[in-house]
Amino acid sequence: ELLSGMGHGVTPCENGLDALRRLDHQTFDLVITDRAMPGLNGEQLALKVKARRPGLPVFLLTGFGTFMQADGICPDGVDRVLAKPVSLTELENALADQFSPAADPA
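Following the numbering used here, the numbering of the sequence shown begins with 188 at its first residue and continues without gaps.
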């Protein structure tokens, strides 16, 4: 809802496997995943996303985000950890940081 309210297109997925199937057939600018999901958790999904599309940013949304941020923990394949519930300001800042010209390696 926050992303849609900011004018971004959103493609919800049922689970990590659904996300991977869609990734094989659609183009995305960003993947935001929950950490705890059945079958394929968010950290596993992030690694699989990076294997398929190394430059595609992945944000991990988790109830442990505050602790992970404080400890500097960012799992492999994850570009940014966000704490649940994510605020509009935090999401806007994360998007701005990720997609600002300074963040673009090209």
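Glycine included, C-beta positions come from ideal geometry on N, C-alpha and C.
Can you tell me which of the three DSSP states residue i falls into?
i, result
"V236", "helix"
"A270", "strand"
"D263", "coil"
"M255", "helix"
"D211", "coil"
"G194", "coil"
"G242", "coil"
Determine the extent of the beta strand (DSSP E) in which residue i is found, giving its start and end residues.
i, result
"D221", "V218 to D221"
"F246", "V245 to T249"
Suppose contacts are defined by Cβ-Cβ distances below 8 Å. Is residue i in contact with residue j by that definition?
i, j, result
"L207", "K235", "yes"
Could you spell out where the alpha helix (DSSP H) holding residue i opens and where it closes?
i, result
"N280", "L275 to F286"
Suppose the cutoff is 8 Å on Cβ atoms and the five residues either side in sequence are ignored; what does the same chain contact list for residue i look like?
i, result
"Q231", "G203"
"P225", "N202"
Report the residue from the options whose alpha carbon sits nearest the alpha carbon of residue i.
i, options, result
"F286", "R267, N228 and C261", "R267"
"P272", "D221, L243, R240 and D258", "D221"
"R239", "N228, T214 and C261", "T214"
Among the residues of its own chain, which have a CB less than 6 Å from the CB of residue i, if the five just before and after it don't count?
i, result
"V265", "A233, V245 and L247"
Ignore the nearest five residues each way along the sequence and tell me which others in residue i's own chain have a CB closer than 7 Å to its CB.
i, result
"L190", "V197"
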